[in-house]
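> Dropping a structure here in structure tokens format, bear with me for questions.
Residue numbers (the numbering used here): 2 to 559.
Below you can see the structure in the form of structure tokens.
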């Protein structure tokens with residue numbers, strides 16, 4: 002099964018993004034918006050107090066009528082100054098709460114996207130995940146998800162800036178309606194530029210998504226090919242090829258950043274022109290010094306939110322292309338299963354039969370008709386040339402792939418979807434390319450109890466190594482288990498599999514990195530400790546096959 006056909010990228014992908022954000026964050030968005038509004042309102046109140054402060058500070062200036070009633074009772078200047086300070090302190094506290102709320106929203110949405118992407122892959126099954134591929138997953142998790150979260154950040158910033166701008170316009174209107182109208186005209190003049198930048202931003206965002214996947218694929222190729230390039234003295238050619246991929250991505254980022262820089266420069270010029278206009282018009286209208294200064298401060302402060310709105314909107318359009326790419330790659334996102342969904346009884350069985358199991362060539366798979374039998378406690382070696390379908394057979398047995406023909410029987414009855422979950426609970430699978438991604442040995446063992454952890458480590462021959470570490474079970478593993486050798490990583494993965502107490506152990510070349518003597522000792526220990534556990538062992542070495550009860554030769558598909 003290949004990935005679903007990618008749906009067309011929506012002409013306005015930000016709508017899909019913010020529909021998803023609203024569905025996942027719900028009322029918490031309203032709370033954040035309320036804090037934004039209160040913060041903007043308090044800033045407006047603080048700006049309004051500047052007018053009486055300036056009036057009171059200027060000798061001979063009239064006291065505003067709304068303060069006249071306090072004359073003779075208290076020092077008006079100190080009272081208004083105290084009001085200004087209190088307002089700004091309260092505003093600072095509200096903004097602190099706002100920033101914490103928005104940071105939490107962004108972090109929670111990032112986690113939600115990641116876990117739903119993983120849940121969708123799991124729900125769609127292994128053929129679909131294999132079609133997405135490692136580079137596709139790398140692009141999705143390392144680029145598309147963070148950029149989608151950044152689009153949410155830009156959206157929240159745009160709302161904050163818009164609320165601030167509305168309050169500032171309201172304050173300006175209370176001081177001078179013509180001035181506020183002029184500010185609106187200046188803002189409207191920026192709309193054509195915003196439309197142009199948004200279109201260019203969407204195009205740049207879609208191109209960046211494509212180039213990021215190309216870069217991720219090149220990175221995997223770099224890791225795979227560097228060793229050979231070093232050995233053959235071809236590092237220069239190798240790096241030039243990688244550099245070409247990076248240059249294409251760099252050009253897109255530079256172009257996008259240049260657009261944003263030009264927009265900021267235009268805003269700076271417009272702000273200076275607006276300040277000059279305020280002074281000139283104020284002189285013509287014969288405004289008092291206090292409201293004129295207050296208007297200058299307001300117009301200066303409007304420039305920031307106005308510019309922020311424009312850049313945030315362009316950023317949303319550009320970045321939301323990454324969310325569209327997630328949906329195009331995975332289809333509609335699925336929520337993770339509820340707690341306890343993986344609980345249940347394992348299927349108890351005595352005889353496993355595969356009758357003429359066959360699968361046409363798929364993504365990394367293909368199997369000519371193969372027949373097998375396996376009793377509880379038996380070990381069966383699966384042998385054959387590379388590409389013959391050994392891994393495909395294991396994937397069919399595990400329920401990861403469905404055969405095109407033939408059937409899998411458990412105790413004489415076909416294994417149906419009704420028994421699939423119970424069947425999978427009865428087995429453990431260790432793949433040939435698997436590596437632990439956890440930080441420590443204990444985490445790699447699923448946080449099992451110390452007694453159970455030491456038991457399985459002893460069984461796979463890792464106890465001495467871990468006990469020598471000062472951290473014990475908290476021994477760090479480094480990136481993908483890099484602190485361990487290849488054979489030690491395989492032993493650790495087998496130990497983790499044993500914690501499931503499986504009836505069937507599927508080992509896809511999971512002992513290939515262990516030396517022949519170590520492999521013999523390991524398999525003998527496993528068979529002695531778990532005499533009722535059956536195993537299918539994919540192996541290329543004849544010594545590995547000799548450790549099993551029987552061998553099954555897989556012929557390559559014709």
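We put the CB at the ideal spot given by N, CA and C, even for glycine. Everything numeric in this text was worked out from a predicted model, so none of it was measured.
1. Residue 553 lies in the beta strand (DSSP E); which residues open and close that run?
2. Relative to the C-alpha of residue 322, which residue among 350, 428, 146 and 372 is closest?
3. For residue 335, which three-state DSSP category applies?
4. Just verifying my parser: in three-state terms, what is the DSSP assignment at residue 356?
5. I'd like to know if the stretch 416-432 and the stretch 370-382 are in contact, where contact means that at least 3 CB-CB pairs between them fall below 8 Å.
6. Return the Cβ separation of residue 553 and residue 382 in integer angstroms, given the expectation that the two are a contact with Cβ distance under 8 Å.
7. Classify residue 27 as helix, strand or coil using the three-state DSSP reduction.
8. So, with DSSP's three-state summary, where would you put residue 105?
9. Report yes if the C-beta distance between residue 458 and residue 513 is below 8 Å; otherwise report no.
10. Should residue 396 go down as buried or exposed, given a rule of 16 or more other Cβ atoms within 10 Å for buried?
11. What separation, rounded to the nearest whole angstrom, lies between the Cα atoms of residue 1 and residue 22?
12. Could you tell me the alpha carbon to alpha carbon distance between residue 252 and residue 259, rounded to whole angstroms?
13. For the alpha helix (DSSP H) that contains residue 380, what are its first and last residues?
14. Is the stretch 515-525 touching the stretch 497-507, taking contact as three or more C-beta pairs under 8 Å?
15. Taking the alpha-carbon positions, what's the residue 160 to residue 128 distance?
16. How many angstroms separate the CA atom of residue 487 from the CA atom of residue 434?
17. Taking the C-alpha atoms as reference points, what is the distance between residue 167 and residue 42?
18. Taking residue 50 as the reference, which of 503, 79 and 26 has the closest Cα?
19. Give the single residue among 337, 424, 163 and 527 whose Cα lies nearest to the Cα of residue 112.
20. Looking at the unbroken alpha helix (DSSP H) that takes in residue 466, where does it start and where does it end?
21. Okay, do the stretch 542-550 and the stretch 388-395 touch, 3+ Cβ pairs below 8 Å being the bar?
22. On a CA-only basis, which of 476, 472, 437 and 172 is nearest residue 493? Give me that one, please.
23. Within 10 Å of its beta-carbon, does residue 354 have 16 or more other beta-carbons around it, so buried, or fewer, so exposed?
24. Taking the alpha helix (DSSP H) that residue 494 falls in, what are its first and last residues?
Quick answer:
1. Counted from its first residue, the chain shown places residue 553 at position 552. Per DSSP, residue 553 belongs to the beta strand (DSSP E) from 551-554.
2. Counting from one through the chain shown, the residue named residue 322 turns up at place 321. Cα-wise, what sits closest to residue 322 is 146.
3. The residue given as residue 335 occupies position 334 in the chain shown. Of the three classes helix, strand and coil, the one that applies to residue 335 here is coil, per DSSP.
4. Reading the chain shown from its first residue, position 355 is the one you call residue 356. Residue 356: strand per DSSP, three-state reduction.
5. no
6. Counting from 1 along the chain shown, the entry for residue 553 is found at position 552. Counting from 1 along the chain shown, the entry for residue 382 is found at position 381. Going by Cβ atoms, the distance from residue 553 to residue 382 rounds to 7 Å, so yes, they are a contact pair.
7. Locating residue 27 in the chain shown gives position 26, counting from the first residue. Coil.
8. The sequence position of residue 105 within the chain shown is 104, counting from 1. In this structure, residue 105 counts as helix in the three-state DSSP scheme.
9. Position 457 of the chain shown, counted from the first residue, corresponds to residue 458. Position 512 of the chain shown, counted from the first residue, corresponds to residue 513. Against a cut-off of 8 Å, the Cβ pair of residue 513 and residue 458 comes out as no contact.
10. For the purposes of this step, residue 396 is taken as the residue at position 395 of the chain shown. Residue 396 comes out buried.
11. Look at the range of the chain in this structure, 2 to 559, and you will see that residue 1 is not part of it.
12. Taking the chain shown and counting its residues from 1, the one referred to as residue 252 is at position 251. Taking the chain shown and counting its residues from 1, the one referred to as residue 259 is at position 258. Approximately 10 Å between the Cα atoms of the pair.
13. Here residue 380 refers to the residue found at position 379 of the chain shown. Unbroken run through residue 380 is the beta strand (DSSP E), 380-384; no alpha helix (DSSP H).
14. no
15. As a first step, residue 160 is located in the chain shown; it is residue number 159 there, counting from the start. As a first step, residue 128 is located in the chain shown; it is residue number 127 there, counting from the start. Approximately 42 Å between the Cα atoms of the pair.
16. To locate residue 487, count along the chain shown from 1; it is residue 486. To locate residue 434, count along the chain shown from 1; it is residue 433. Each residue's Cα considered, the two are about 10 Å apart.
17. On the chain shown, position 166 is the one that residue 167 refers to. On the chain shown, position 41 is the one that residue 42 refers to. Roughly 9 Å separates the two Cα atoms.
18. The residue given as residue 50 occupies position 49 in the chain shown. Ranking the options by Cα distance to residue 50, first place goes to 79.
19. Counted from its first residue, the chain shown places residue 112 at position 111. The shortest Cα separation from residue 112 among 337, 424, 163 and 527 belongs to 337.
20. Stepping through the chain shown from its first residue, residue 466 is reached at position 465. 464-469 is the extent of the alpha helix (DSSP H) around residue 466.
21. no
22. Mapped onto the chain shown, residue 493 falls at position 492. Comparing Cα positions, the closest option is 437.
23. Translated into positions along the chain shown, residue 354 becomes position 353. The residue is buried, with at least 16 neighbouring Cβ atoms inside 10 Å.
24. In the chain shown, the residue the question calls residue 494 occupies position 493. Segment 487-499, the alpha helix (DSSP H) holding residue 494.
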